[in-house]
Amino acid sequence: MNPLQILNIAQINTVAGNSVAEAVKTFSGVSLRDYGGIGGLKTVMIRSLGANHTGVFVDGMPVSDIASGQIDLGKLPLDGLEEISLSIGTSATQPFPARAFASAGMINLRSIQPNFEHQKTHGNFRLKAGSFGLINPTANLSRKTGEKSWIEITASWLKSDGDYPYIVDNGSAGTQALNRNNSDITALSAHARYFIHLSDSANFHAKIRLYNSDRGLPGAVVFYNPQSAQRLTNKDFVLNLQYQTKNHHVSTLGSAGWSRAWLRYVDPYYLGQEKLLDNRYLQNEFYVSQAVDITFGKFLSASTAADGVVNTFSSNLYDNRNPLRLSLLASGNLRYKRKITETSTGFLLCLIRDKN
Numbered sequence: 000m001n002p003l004q005i006l007n008i009a010q011i012n013t014v015a016g017n018s019v020a021e022a023v024k025t026f027s028g029v030s031l032r033d034y035g036g037i038g039g040l041k042t043v044m045i046r047s048l049g050a051n052h053t054g055v056f057v058d059g060m061p062v063s064d065i066a067s068g069q070i071d072l073g074k075l076p077l078d079g080l081e082e083i084s085l086s087i088g089t090s091a092t093q094p095f096p097a098r099a100f101a102s103a104g105m106i107n108l109r110s111i112q113p114n115f116e117h118q119k120t121h122g123n124f125r126l127k128a129g130s131f132g133l134i135n136p137t138a139n140l141s142r143k144t145g146e147k148s149w150i151e152i153t154a155s156w157l158k159s160d161g162d163y164p165y166i167v168d169n170g171s172a173g174t175q176a177l178n179r180n181n182s183d184i185t186a187l188s189a190h191a192r193y194f195i196h197l198s199d200s201a202n203f204h205a206k207i208r209l210y211n212s213d214r215g216l217p218g219a220v221v222f223y224n225p226q227s228a229q230r231l232t233n234k235d236f237v238l239n240l241q242y243q244t245k246n247h248h249v250s251t252l253g254s255a256g257w258s259r260a261w262l263r264y265v266d267p268y269y270l271g272q273e274k275l276l277d278n279r280y281l282q283n284e285f286y287v288s289q290a291v292d293i294t295f296g297k298f299l300s301a302s303t304a305a306d307g308v309v310n311t312f313s314s315n316l317y318d319n320r321n322p323l324r325l326s327l328l329a330s331g332n333l334r335y336k337r338k339i340t341e342t343s344t345g346f347l348l349c350l351i352r353d354k355n
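Read in numbering that gives the first Met the number 0, the sequence shown has 172 at position 173, and its numbers run on one by one without any break.
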């Protein structure tokens with residue numbers, strides 16, 4: 000299995016799907032777990048390890064979910080990406096936060112950089128449509144705001160009824176042709192980016208990402224009853240700041256961010272005493288990180304990184320303790336690379352404190 004696998008923009012455009020999940024499953028050694036129909040949770044396992052061991056980064060900035068530890072790749076659209084890479088262990092060739100070394104495998108998504116060689120303003124519109132009520136329009140607008148700076152806004156809307164046909168085997172009563180119900184999804188994904196070259200070797204990048212969705216979760220056919228009414232609603236907000244420098248032998252990456260994720264799960268036909276489930280969860284994450292990569296000659300390189308992370312979690316569940324987690328991570332790595340071989344060694348230090 001190759002420790003570094005890459006999909007370029009031409010390969011991404013041939014993927015039959017709308018999310019990063021459909022693209023990642025083409026990598027070798029990867030298993031895609033798909034839960035809950037068209038709009039369900041989509042996670043990735045690498046080398047049979049659980050999805051908790053797979054880190055996901057967008058332009059070098061981490062994506063996290065402190066509640067489950069698993070990243071839903073179905074939330075990340077394919078539009079606007081020029082490269083998707085999967086690295087095993089410490090195969091990354093650029094500075095990354097220390098959290099990247101805490102995962103068995105890492106997926107990094109790299110966004111397309113606008114080209115302002117001929118004009119200062121670019122815009123495009125794409126429309127995808129398909130079976131079962133699928134419609135997916137995407138709009139993008141980018142503008143050069145200065146000699147060395149630009150801004151970009153992208154929005155994507157996805158809607159699907161998800162009423163695909165299937166056959167139910169009722170045993171001696173025969174079979175029945177049905178259409179899946181409560182498998183619909185309506186989702187809005189948008190982001191805004193600002194980029195500026197501060198000098199020949201330094202740049203600053205700010206990104207805001209929004210995701211809102213309302214999804215149905217189809218259930219099993221129980222005693223000839225195919226009906227399901229469970230709903231899942233997500234409202235996510237992410238802010239990332241990044242300062243990067245690159246000289247002949249030294250590259251640095253400083254980053255900070257805040258993410259807020261709100262989730263609501265509703266089951267109006269819950270069979271317990273409450274007769275109705277309406278669970279709401281809110282998580283926040285604040286982080287800072289500094290990473291350095293140094294090249295010694297042609298074959299030898301080293302990297303180090305330190306992260307500080309604060310996580311909060313709250314819900315409307317009875318007796319919820321509203322936990323607070325403080326994390327400090329430090330990593331170091333030494334790599335020796337020849338034409339066809341690469342040898343690396345490293346360490347990771349994790350200090351974690353939980354408060355209720």
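C-beta atoms are modelled at their ideal positions from N, C-alpha and C, and glycine is treated no differently.
Local conformation of residue i per DSSP, three classes
| i | result |
| --- | --- |
| K119 | coil |
| S218 | The question names Ser, yet the displayed sequence has Gly at residue 218. The answer is coil: DSSP assigns G218 none of H, G, I, E or B. |
| F124 | strand |
| L108 | strand |
| G73 | helix |
| A228 | coil |
| A103 | coil |
| N7 | strand |
| A201 | strand |
| G256 | strand |
| H196 | strand |
| H248 | coil |
| E151 | strand |
| G170 | helix |
| A66 | coil |
| N315 | coil |
| R98 | helix |
| N283 | strand |
| E82 | strand |
Contacts around residue i, its chain only, beta-carbon distance under 7 Å, and the 5 residues preceding and following it disregarded
| i | result |
| --- | --- |
| A50 | R32, T42, V43, M44 and Q69 |
| H121 | P113 and S141 |
| N355 | R320 and P322 |
| I37 | S159, G161, S182 and I184 |
| S66 | It should be noted that the sequence gives Ala, not Ser, for residue 66. Excluding residues within five positions, the ones whose Cβ falls inside 7 Å are Y280, Q282 and F312. |
| I11 | A22, L77, L80 and I83 |
Bridge partners - residue i, DSSP secondary structure assignment
| i | result |
| --- | --- |
| Y34 | DSSP, once it has assigned bridges, lists no residue as partnering Y34. |
| T13 | None; T13 has no bridge partner. |
| L133 | G129 |
| K158 | I134 and T185 |
| S302 | D292 and N332 |
| Q241 | H204 and S254 |
| H52 | Answer by DSSP bridge pairing: none, since H52 is not bridged. |
Cα-Cα separation, residue i to residue j
| i | j | result |
| --- | --- | --- |
| K362 | F346 | This structure leaves residue 362 out entirely; the chain is present only between 0 and 355. |
| I152 | N139 | 6 Å |
| L108 | F222 | 44 Å |
| W149 | Y193 | 6 Å |
| T185 | G170 | 35 Å |
| I351 | L209 | 29 Å |
| C349 | T303 | 14 Å |
| F285 | L327 | 12 Å |
| T251 | K245 | 7 Å |
| S84 | Q175 | 43 Å |
| E273 | A201 | 57 Å |
| K338 | D292 | 20 Å |
| V19 | K127 | 16 Å |
| A373 | I5 | There is no way to answer for residue 373, as the model of the chain reaches only from 0 to 355. |
| N233 | Q282 | 12 Å |
| N7 | A15 | 15 Å |
| L48 | Y268 | 35 Å |
| R46 | G79 | 28 Å |
| E81 | D306 | 27 Å |
| S188 | E146 | 29 Å |
| T53 | A172 | 45 Å |
| I195 | S227 | 49 Å |
| R324 | K119 | 45 Å |
| P2 | E341 | 10 Å |
Own chain residues within Cβ distance below 6 Å of residue i, not counting five before or after
| i | result |
| --- | --- |
| R334 | S300 and S343 |
| Y264 | L231 and N278 |
| P225 | L177 |
| F124 | A138 |
| W257 | L238 and F285 |
| V55 | V62, I70 and I106 |
| A255 | L240 and V287 |
| V220 | V167 |
Contact set for residue i: own chain, Cβ-Cβ below 8 Å, skip 5 residues either direction
| i | result |
| --- | --- |
| A103 | I45, R46, L48, H52, T53, I87 and G88 |
heavy atom of the ligand MG below 7 Å from residue i C-beta
| i | result |
| --- | --- |
| P94 | Although the ligand MG was asked about, the structure shown includes no ligands whatsoever. |
Legend entry - Segment contact flag, the stretch 62-77 with the stretch 173-181, C-beta cutoff 8 Å, min 3 pairs: Output reads no: the stretch 173-181 does not touch the stretch 62-77.
Legend entry - Cβ contact check for the stretch 235-247 and the stretch 202-210: 3 or more pairs under 8 Å: Yes, they touch.
Legend entry - Stretch pair the stretch 130-137 + the stretch 18-32: three plus CB contacts closer than 8 Å: Counting Cβ pairs under 8 Å, fewer than three are found: no touch.
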